[in-house]
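Undergrad: In terms of the numbering used here, the sequence shown is residues 48 to 121.
By construction, the Cβ of each residue, glycine as well, lies at the ideal position given by its N, Cα and C atoms.
Here's a structure for you.
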Amino acid sequence: MKNIHTFKNIVKAYKSIRVSTIKHSITGEELADWLAEVCTPQEIEEVLFMIYCAQKRGSEIRNILQTLATAVLK
Numbered sequence: 048m049k050n051i052h053t054f055k056n057i058v059k060a061y062k063s064i065r066v067s068t069i070k071h072s073i074t075g076e077e078l079a080d081w082l083a084e085v086c087t088p089q090e091i092e093e094v095l096f097m098i099y100c101a102q103k104r105g106s107e108i109r110n111i112l113q114t115l116a117t118a119v120l121k
């Protein structure tokens, strides 16, 4: 449960996540809520691990979120 709240707090910071392959945009809050409903706690934990690794390297996590949004929207 804690991981879901942590995930939501990280993703909600993004006002708009653009999915260029289908020319659609989704807010970070919508994406976080949608993934919290669809994903298992283990999947959320794996996504958080990817986000933490990207942040540790100083990389932008927007690309990870765009990939997640593409998967959810299709």
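Determine the burial state of residue 96: buried for a count of at least 16 other Cβ atoms within 10 Å of its Cβ, exposed for fewer.
TA: With fewer than 16 Cβ atoms within 10 Å of its Cβ, residue 96 is classed as exposed.
Undergrad: Once DSSP output is grouped into helix, strand and coil, what is the label at residue 65?
TA: In the structure shown, residue 65 sits in a strand (DSSP, three-state: E or B).
Undergrad: Using a 10 Å radius around the Cβ and a threshold of 16 neighbouring Cβ atoms, would you call residue 105 buried or exposed?
TA: When all chains shown are included, residue 105 counts as exposed.
Undergrad: When you compare only the Cα positions, how much space is there between residue 109 and residue 59?
TA: Cα to Cα, residue 109 sits roughly 12 angstroms from residue 59.
Undergrad: Residue 73 by DSSP, collapsed to three states: which one?
TA: Residue 73: strand per DSSP, three-state reduction.
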